[in-house]
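Numbering (my numbering), first residue to last: 33 to 404.
Think of the CB as a built atom: it goes at the ideal place given N, C-alpha and C, for glycine as much as any other residue.
Here the structure comes first, spelled out in C-alpha cells, and everything after it is commentary.
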Amino acid sequence: MSCLQYPSLFICKALILVLLAHSALGSINDVFNVKGGSVTVGGCDAHKTRLTKWWDDVTTFVDAALLYAQDDSEDGVEYMYTWFALDAPPADAKERNAARVALSAVKDFIEGNGDEREGGKPWLFCSSKWLQELSWDDIAYDPDTGEKFPDDDDKSKSKKVRDVLKHPQHDPKNPRGFPFWSPDLRQYVLEDESGDYCSKKFEAGVGYYGSTSEDTTPTTVTICVQNMLAKKGPMKIPKESLTLGKVQKEGSSIVNFRTMSMTLFHELFHVALGVEATKEEEKSYDLKYIAKPRNEDGGEGDDDDGDFILTEDALHNPESYTYYALSCVLGQKNEKFTFASTKSKLKKPKDPKGGNKNEAELRTRHRRMIKI
Numbered sequence: 033m034s035c036l037q038y039p040s041l042f043i044c045k046a047l048i049l050v051l052l053a054h055s056a057l058g059s060i061n062d063v064f065n066v067k068g069g070s071v072t073v074g075g076c077d078a079h080k081t082r083l084t085k086w087w088d089d090v091t092t093f094v095d096a097a098l099l100y101a102q103d104d105s106e107d108g109v110e111y112m113y114t115w116f117a118l119d120a121p122p123a124d125a126k127e128r129n130a131a132r133v134a135l136s137a138v139k140d141f142i143e144g145n146g147d148e149r150e151g152g153k154p155w156l157f158c159s160s161k162w163l164q165e166l167s168w169d170d171i172a173y174d175p176d177t178g179e180k181f182p183d184d185d186d187k188s189k190s191k192k193v194r195d196v197l198k199h200p201q202h203d204p205k206n207p208r209g210f211p212f213w214s215p216d217l218r219q220y221v222l223e224d225e226s227g228d229y230c231s232k233k234f235e236a237g238v239g240y241y242g243s244t245s246e247d248t249t250p251t252t253v254t255i256c257v258q259n260m261l262a263k264k265g266p267m268k269i270p271k272e273s274l275t276l277g278k279v280q281k282e283g284s285s286i287v288n289f290r291t292m293s294m295t296l297f298h299e300l301f302h303v304a305l306g307v308e309a310t311k312e313e314e315k316s317y318d319l320k321y322i323a324k325p326r327n328e329d330g331g332e333g334d335d336d337d338g339d340f341i342l343t344e345d346a347l348h349n350p351e352s353y354t355y356y357a358l359s360c361v362l363g364q365k366n367e368k369f370t371f372a373s374t375k376s377k378l379k380k381p382k383d384p385k386g387g388n389k390n391e392a393e394l395r396t397r398h399r400r401m402i403k404i
C-alpha cells in the first residue's frame, strides 16, 4: 500500500520516518564499547539480551519524540506544551527547533552518524565496578602499560598514586578527593566521594540508575542494572522494556509505564549533547516539577507553590525529553487516548474549524515565562 492511499500527509510522513529509522538502525556495539565480563568488573555479558531490547526502545523513543515535535503534528502540540511549555506553531518556533536539534543529536548518535569523538567510541558499563578505588600512597599503575610500577625496595622511592595522577585540581603534596583507576581505559579518575557509585543511595533508600562522565577519554556511561532490577521500593520500575499493552481506560499514569530502557535513553542526551550542556538539578527527575499539563479549561495545570521547570531549563533536561518521549510512544500505541496530561485521557473530537479542541485551547492560553 502506497502513501498516496493514506488521507493524512502526517501519517505518510510517520511511516516514511519509521522505515528510514529501521533501515539505518545498528546495534549498541556499533556506537559503544560495551564492557564484557561479569558485573563484578562492570561487565555486561549477563545483560546482552536486555541491552538489545533497550537499544530497540531508545530508537522507538527518539523517533516518536521527533515525530511529535514536527510543526505539522496535530497530536504533538499538547505534548510539547506539557513538557516544554511551547505554544502551538507558528509560536515558539525557536524553542521548538531547539528541542528537535537535541533529539536529532541523540538520533544521530544512535545511528552512528554523530561527530567524531576524542578517544573514539564511548564506553558502556553495567555496574560501577569498572573503577578500582585506591589510596594516595598505593603503588601507582602505569597508564602506558596498565601494570603497577615496580615496587622499589626503598618504599619512599616507589611511584605513588599521588605522584602519577594528573588532574587540574590535584596537588601531589596535598591531595584531595578520592582516586580511582580504570584498567579498561588505563586512566585515573578523581572523585569527590569514596565508594562504589552503584551501591550508594540518594533518597528513600533508592540506588542510582545511571551516570555519564566526561572526566574520562572517551566518555563513559555507567548503568546500574542491578539497582533497576530491584523488585521492591518506591522507585520500582514497572517494565524492563517497551512491551506496551492497549490502554483501556482514562487515568492511567505514565509512571506505570516506565521502563528500564528510559535510563539508557536519558544518558544518551548527556553523551550526545555533552554533560555541561545537560546539567541537572535536585528536582530534574521530579515529574510534578518537570511536567505542567493544562487544566480542562485550557489554562495551566495545578501548581500550588508555582515551582515548576522553566522552558529554557526543560530544553536542556534529559529527563524532560525522556518522559516526553514515553508519553509520545504511549500516544502512538493508543490512538484513542492522549497522554499529554501525564495520564491517559480520551481524545476530544475534531474541531470543525480545523485541528482539534485540545489544540484550539492551547492557542488561547497564556505562555509560561521563559528565563532570559
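{"query": "Among R82, P204, M112, P381, which has the Cα closest to the Cα of L347?", "result": "M112"}
{"query": "Buried or exposed for G74, please, with buried defined as at least 16 other CB atoms from any protein chain shown within 10 angstroms of its CB.", "result": "buried"}
{"query": "With C256 and S159 assumed to form a contact (beta carbons below 8 Å), what rounded beta-carbon distance in angstroms separates them?", "result": "6 Å"}
{"query": "Measuring alpha carbon to alpha carbon, tell me which of L217, D183, N349, P381 ends up nearest G151.", "result": "L217"}
{"query": "Counting along the chain, where does the beta strand (DSSP E) carrying Y220 start and finish?", "result": "219 to 223"}
{"query": "Going by other Cβ atoms of all chains shown within 10 Å of its Cβ, with 16 needed for buried, is A97 buried or exposed?", "result": "buried"}
{"query": "Closest by CA to S70, which one among D62, N61, K80, A304?", "result": "K80"}
{"query": "Our contact map puts Q164 next to F212 with C-beta atoms below 8 Å; I'd like the distance itself, whole angstroms only.", "result": "6 Å"}
{"query": "Among T92, K161, K189, which one has its Cα closest to the Cα of L276?", "result": "T92"}
{"query": "For G239, which of helix, strand or coil comes out of DSSP?", "result": "strand"}
{"query": "Measure the CB-CB distance between T251 and K161 and report whether it falls below 8 Å.", "result": "no"}
{"query": "From the DSSP output, in three-state form, read off W168 for me.", "result": "coil"}
{"query": "Take S285 and list the residues in its own chain whose beta-carbon comes closer than 7 Å to its own, dropping the five residues that flank it on each side.", "result": "T374, K375"}
{"query": "Considering Cα atoms alone, identify which of T244, K278, K189, A123 is closest to E308.", "result": "T244"}
{"query": "Suppose you measure from the CA of L261 to the CA of L362; what does that come to, to the nearest Å?", "result": "23 Å"}
{"query": "How would you call Q201, buried or exposed, if buried means at least 16 neighbouring beta carbons within 10 angstroms?", "result": "exposed"}
{"query": "If you follow the beta strand (DSSP E) that I255 is in, where does it begin and where does it stop?", "result": "252 to 255"}
{"query": "Would you mind stating whether F297 and Y321 have Cβ atoms separated by less than 8 Å?", "result": "no"}
{"query": "May I ask you to report which of helix, strand or coil DSSP gives V66?", "result": "strand"}
{"query": "Measure the Cβ-Cβ separation of A134 and Y355 and say whether it is below 8 Å.", "result": "no"}
{"query": "Could you tell me if A304 is buried or exposed, where buried requires 16 or more neighbouring beta carbons within 10 angstroms of its beta carbon?", "result": "buried"}
{"query": "One question on the structure: do T310 and F116 come within less than 8 Å of each other, judged by their Cβ atoms?", "result": "no"}
{"query": "From the DSSP secondary-structure annotation, give me the bridge partner or partners of L416.", "result": "Residue 416 is absent from the structure shown; the chain starts at 33 and stops at 404."}
{"query": "Quick one: using the 10 Å Cβ neighbour count with 16 as the cut-off for buried, is D329 buried or exposed?", "result": "Legend: pLDDT at D329 = 45, less than 50; position of this residue unreliable, no value from coordinates given."}
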